[in-house]
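Read the structure below first, then the notes.
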Amino acid sequence: MAVMRILVIIIGAMLLAAACGGTDPTPTTIPTPSPTAVSVQEGETEIKQYSQPPAMTIDTNKRYVATFNTNQGSIVIELLPNDAPKTVNNFVFLAREGYYDGVIFHRVIEDFMIQGGDPTGTGSGGPGYSFEDEFVPSLVFDRPGILAMANAGPNTNGSQFFITTVPTPHLNQRHTIFGTVLEGQDVAVAISKVPANRQDKPLDDVIIQGIEIEETSPGS
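In this note's numbering, the protein residues as written are 19 to 238.
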């Protein structure tokens, strides 16, 4: 009888729970992707977020040069649209949107690299989307001055990038290379040497004031 009474109580409780509904929230319906930017408040700064990677707008037959203007000097980089078209297109789009304006280099390591592109300045931020890697066997980290995408694993590219200050062959086929430094490698090296905390974040902000994109026809 005692066992029967316990079973009745358990069944009754189950029926009551079913009638009242569970405690798990109903999944939110995800809207159809749109290229429209959404502003997200991060402290006092408004950060643009996008629902999907940008449409292809660059011409891979043209030359693209990016000038990183920072409070430590300028770095001029030749982009590689033929080798990494989606990555270059993404970078050019964000730069022209002003996405990188005022963003810091949040991670600097001497004899390795400088990393930026996160509008939150924490190393965990991004544009709201991710896209796939673009690896080319002939593109390797065999010298300083390589511009590549930072990531959290395969096919997790967003807005963060880094510039190497030494050869880093252990990064081959792990990070998409999409540019090489033409001028200002000394600026990148100087940034890598600024005093930083234990998380490799500079004690004084190294700020990207803006990134200018120059688009020219081949041979011009």
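Every residue gets a Cβ at the ideal spot worked out from N, C-alpha and C, and that includes glycine.
From a predicted model like this one, the values you see are computed outputs, not experimental measurements.
Query raised in the report: Which value, in whole angstroms, describes the spacing of the CA atoms of T54 and D101?
Result: Low local confidence applies: a pLDDT of 34 at T54 is under 50, so the model's placement there is unreliable, with the coordinate-based value given in what follows. Per the coordinates, the alpha-carbon of T54 lies some 28 Å from the alpha-carbon of D101.
Report task. Using only alpha-carbon positions, find the residue among E230, V83, G163 and I226 that is nearest to G139. Result -> Among E230, V83, G163 and I226, the Cα nearest to that of G139 belongs to I226.
Requested in this report: Keeping to the same chain, check which residues put their C-beta closer than 6 Å to that of Q178; ignore five residues upstream and five downstream.
Outcome: G135, D136 and A168
Query raised in the report: Under the criterion of a Cβ to heavy atom distance below 7 Å, does L112 qualify as lining the ligand MN?
Result: Although the ligand MN was asked about, the structure shown includes no ligands whatsoever.
Report task. Go ahead and pull the three-state DSSP assignment for Q203. Result -> helix
Requested in this report: Taking 8 Å as the cut-off, decide whether the C-beta atoms of S148 and N175 are in contact.
Outcome: yes
Query raised in the report: To which residues of the same chain is P213 closer than 8 Å at the C-beta, ignoring the five residues directly before and after it?
Result: In the same chain as P213, and ignoring 5 residues on each side of it, the C-beta atoms closer than 8 Å to its own belong to P220, L221 and D222, in chain order.
Report task. Consult DSSP for S57 and reduce its assignment to one of helix, strand or coil. Result -> Note that S57 scores a pLDDT of 47, beneath 50, so its modelled location is shaky; the value from the coordinates is reported in the next line. Note: S57 maps to strand in three-state DSSP.
Report task. Could you check if R161 is buried or exposed, using at least 16 other CB atoms within 10 Å of its CB as the buried criterion? Result -> exposed
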